[in-house]
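*Asks:* If you read the protein sequences in the order shown, they are chains R and D.
Note that this note's numbering has the first sequence beginning at 280, numbered continuously upward.
Note that this note's numbering has the second sequence beginning at 280, numbered continuously upward.
Ideal Cβ positions, reconstructed from N, Cα and C, are used throughout, including at glycine.
I have a structure here, written as structure tokens, and I will follow up with some questions on it.
2 protein chains.
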Amino acid sequence: MSDTFGSFERKVPPGDTHERLVCNDCGFILYENPKLVVGSVCEWSGRILLCKRSIEPRAGYWTIPAGFMEKGETTTQGAEREAWEEARAKIEIDSLLGIYNIPRISQVQLLYRARLLSPDVAVGEETREVRLFEWDDIPWDELAFPSVSWVLHCFDSVRGQEMFVPFEKDDTARRLDDDRRR
Amino acid sequence: MSDTFGSFERKVPPGDTHERLVCNDCGFILYENPKLVVGSVCEWSGRILLCKRSIEPRAGYWTIPAGFMEKGETTTQGAEREAWEEARAKIEIDSLLGIYNIPRISQVQLLYRARLLSPDVAVGEETREVRLFEWDDIPWDELAFPSVSWVLHCFDSVRGQEMFVPFEKDDTARRLDDDRRR
Numbered sequence: 280m281s282d283t284f285g286s287f288e289r290k291v292p293p294g295d296t297h298e299r300l301v302c303n304d305c306g307f308i309l310y311e312n313p314k315l316v317v318g319s320v321c322e323w324s325g326r327i328l329l330c331k332r333s334i335e336p337r338a339g340y341w342t343i344p345a346g347f348m349e350k351g352e353t354t355t356q357g358a359e360r361e362a363w364e365e366a367r368a369k370i371e372i373d374s375l376l377g378i379y380n381i382p383r384i385s386q387v388q389l390l391y392r393a394r395l396l397s398p399d400v401a402v403g404e405e406t407r408e409v410r411l412f413e414w415d416d417i418p419w420d421e422l423a424f425p426s427v428s429w430v431l432h433c434f435d436s437v438r439g440q441e442m443f444v445p446f447e448k449d450d451t452a453r454r455l456d457d458d459r460r461r
Numbered sequence: 280m281s282d283t284f285g286s287f288e289r290k291v292p293p294g295d296t297h298e299r300l301v302c303n304d305c306g307f308i309l310y311e312n313p314k315l316v317v318g319s320v321c322e323w324s325g326r327i328l329l330c331k332r333s334i335e336p337r338a339g340y341w342t343i344p345a346g347f348m349e350k351g352e353t354t355t356q357g358a359e360r361e362a363w364e365e366a367r368a369k370i371e372i373d374s375l376l377g378i379y380n381i382p383r384i385s386q387v388q389l390l391y392r393a394r395l396l397s398p399d400v401a402v403g404e405e406t407r408e409v410r411l412f413e414w415d416d417i418p419w420d421e422l423a424f425p426s427v428s429w430v431l432h433c434f435d436s437v438r439g440q441e442m443f444v445p446f447e448k449d450d451t452a453r454r455l456d457d458d459r460r461r
């Protein structure tokens, strides 16, 4: 049974414009589409919530609460869920900070600005430490992903602004080495 | 071989928080996530491009060029591709008009404002007619989806504005009957 996936073939279904994985037995078409990551920069009295990852990739590095959106939820519900799962944080989404595209890995990140409803945060799943950082104390050399640094600067540049146009960034770097991640 | 998919079981993998489809033989985890639709309201001298659908769902009804984002592209590249595929339209994306969430079907739509680079449009795949409509001529009773009507009104409300905050809508209607679609 280990060849279960051998019955799939990559071909263009009738009327389609792209190659898909099609089951040779039953005709089932497996559509593979980009995945959405939802997350938020969460603030409490000017301080920003970061989580130290306990899992790969980038275990031991700091990130904002974010993760893959799940079926049946909205983008803001997903960002709220991630804040709870990773930092036991109750938040209120404020506005969309930015859209970060990573076509290399078919990922789209929708990153929001949020207010913590309380400073009581705690280690959650996939996290080994949580902390509220003053801007000047953010561990820039220990951030997990380029999008984290990017969105933190977006956040800072519209601090105090109620309304703003969300930022957009296409990360078209071909690969991530340690320098580029920071 | 029609029981090929019978070897998958819905369960929570170790360290996960959600049920997934897991292969009992090889442990492969099939993550099912929401899908992204990308599209655009395309303008030429105040007129708006609409496409009459030739395929289900909603064949014979009008829509903006939009469709499922493909792997390896950015959100704006996807919207440009859809404009070409459905209306042979060359466009320039201007800014994000809105985010339309439909959690019932696990779909997120990112809808942009765009300029047509030329009024030369033509029937493409999945389309039986294309037309540039003056605002007052838009066939409101023959639009394919609620999000089309919604985003057209978003477009109109920021006409002439260079910068604006994108609109957000969560479509939490439980089902779509003909009245709600319009």
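What does a CB cutoff of less than 6 Å around ARG383 (chain D) pick up in its chain, not counting 5 residues either side in sequence?
*Replies:* none
*Asks:* What are the uninterrupted segments assigned as alpha helix (DSSP H) that are 4 or more residues long and contained completely in the region 304-338 of chain R, given in chain order?
*Replies:* Taking only runs of at least 4 residues, no alpha helix (DSSP H) segment lies wholly in the region 304-338 of chain R.
*Asks:* Short check: CB of LEU376 (chain D) to CB of LEU395 (chain D), under 8 Å?
*Replies:* no
*Asks:* Is there a Cβ of chain D sitting closer than 8 Å to that of ASP449 (chain R), yes or no?
*Replies:* yes
*Asks:* When the distance is taken between beta carbons, is ALA338 (chain R) closer than 8 Å to GLY318 (chain R)?
*Replies:* no
*Asks:* Hey, how far is the Cα of TRP419 (chain D) from the Cα of ILE372 (chain D)?
*Replies:* 24 Å
*Asks:* What did DSSP end up calling VAL291 (chain D) once you bin it into helix, strand or coil?
*Replies:* Coil at VAL291 (chain D), not helix or strand.
*Asks:* Identify every residue that forms a DSSP beta bridge with TRP341 (chain R).
*Replies:* R:LYS331, R:LEU422
*Asks:* With C-beta atoms as the reference, is TRP341 (chain D) less than 8 Å away from LEU422 (chain D)?
*Replies:* yes
*Asks:* Could you say which of R:VAL316, R:CYS305, R:GLY439 lies nearest to LYS350 (chain R) if we only look at CA atoms?
*Replies:* Ranking R:VAL316, R:CYS305, R:GLY439 by Cα distance to LYS350 (chain R) puts R:VAL316 first.
*Asks:* So which of R:VAL444, R:GLU441, R:PHE443, R:THR406 has the shortest CA-CA distance to ILE343 (chain R)?
*Replies:* R:THR406
*Asks:* In the structure shown, what three-state DSSP assignment does ALA358 (chain D) receive?
*Replies:* helix
*Asks:* How is VAL437 (chain R) classed by DSSP in three states: helix, strand or coil?
*Replies:* coil
*Asks:* Who are VAL387 (chain R)'s beta bridge partners in DSSP?
*Replies:* R:LEU315, R:ASN380
*Asks:* Could you please give me the residues that DSSP links to GLY403 (chain D) through a beta bridge?
*Replies:* DSSP output for GLY403 (chain D) lists no bridge partner at all.
*Asks:* For VAL444 (chain D), does the three-state DSSP call read helix, strand or coil?
*Replies:* coil
*Asks:* Roughly how many angstroms lie between the CA atoms of TYR310 (chain R) and ALA358 (chain R), to the nearest whole one?
*Replies:* Roughly 25 Å between the two C-alpha positions.
*Asks:* Using a 10 Å radius around the Cβ and a threshold of 16 neighbouring Cβ atoms, would you call ARG459 (chain R) buried or exposed?
*Replies:* Since pLDDT at ARG459 (chain R) reaches only 48, below the 50 mark, its modelled position is unreliable, and the value read off the structure follows with that caveat. Counting C-beta atoms within 10 angstroms of its own C-beta, ARG459 (chain R) has fewer than 16 neighbours from the protein chains shown and is therefore classed as exposed.
*Asks:* If you draw a straight line from the alpha carbon of ALA452 (chain R) to that of GLN388 (chain R), how long is it in whole angstroms?
*Replies:* 16 Å
*Asks:* Kindly indicate which residue of D:ALA362, D:CYS330, D:PRO398 has the alpha-carbon position closest to the one of ILE417 (chain D).
*Replies:* For ILE417 (chain D), the nearest C-alpha among the options comes from D:CYS330.
*Asks:* Comparing alpha-carbon positions, which option in R:ILE381, R:SER385, R:VAL320, R:GLU447 lies nearest GLU361 (chain R)?
*Replies:* R:VAL320
*Asks:* Mind checking if LEU315 (chain D) is an interface residue toward chain R, Cβ cutoff 8 Å exclusive?
*Replies:* Taking Cβ atoms only, chain R reaches closer than 8 Å to LEU315 (chain D), which makes this a yes.
*Asks:* Which stretch, first to last residue, makes up the beta strand (DSSP E) that contains ARG299 (chain R)?
*Replies:* For ARG299 (chain R), the enclosing beta strand (DSSP E) covers residues 299-302.
*Asks:* Using the C-alpha atoms, what's the distance from LYS314 (chain D) back to ARG438 (chain D)?
*Replies:* 29 Å
*Asks:* Is ILE381 (chain D) closer than 8 Å to LEU450 (chain D) when the C-beta atoms are compared?
*Replies:* Reading off the sequence shown, one finds Asp at residue 450 (chain D), where the question assumed Leu. Cβ distance < 8 Å, so ASP450 (chain D) and ILE381 (chain D) count as in contact.
*Asks:* May I ask you to list, following chain order, the residues of the region 333-355 of chain D that have a beta carbon less than 9 Å from some beta carbon of chain R?
*Replies:* Residues ILE334, PHE347, MET348, GLU349, LYS350, GLY351, GLU352, THR353, THR354, THR355.
*Asks:* Please report the Cβ distance between GLU364 (chain D) and GLU408 (chain D), rounded to the nearest whole angstrom; I am assuming they are in contact, meaning their Cβ atoms lie under 8 Å.
*Replies:* With 8 Å as the limit, GLU364 (chain D) and GLU408 (chain D) do not qualify as a contact, their Cβ atoms being about 15 Å apart.
*Asks:* Identify the contact partners of HIS297 (chain R) in chain D, using a Cβ-Cβ distance below 7 Å as the criterion.
*Replies:* Per Cβ cutoff of 7 Å: GLU349.
*Asks:* Could you confirm whether any beta carbon from chain R is found closer than 8 Å to the beta carbon of VAL409 (chain D)?
*Replies:* no
*Asks:* Got a sec: which bits of the region 393-427 of chain D sit with their beta carbon under 9 Å from any beta carbon on chain B, in order along the chain?
*Replies:* The structure shown contains no chain B; the protein chains it does contain are R and D.
*Asks:* Give me the DSSP bridge partner(s) of ALA366 (chain R).
*Replies:* For ALA366 (chain R), which the question treats as bridged, DSSP gives no partner whatsoever.
*Asks:* Please list, in chain order, all residues of the same chain as PRO292 (chain R) whose beta carbon is under 8 Å from its beta carbon, the five residues on each side excluded.
*Replies:* ARG299, VAL301, ILE308
*Asks:* Using the C-alpha atoms, what's the distance from MET348 (chain D) back to PHE287 (chain R)?
*Replies:* 22 Å
*Asks:* What does DSSP give as the partner residue(s) for CYS415 (chain D) in the beta ladder?
*Replies:* With the sequence shown as reference, residue 415 (chain D) is identified as Asp, and Cys is not the correct amino acid for it. Note: ASP415 (chain D) sits in no beta bridge, so no partner.
*Asks:* Is SER374 (chain R) helix, strand or coil when you go by DSSP?
*Replies:* strand
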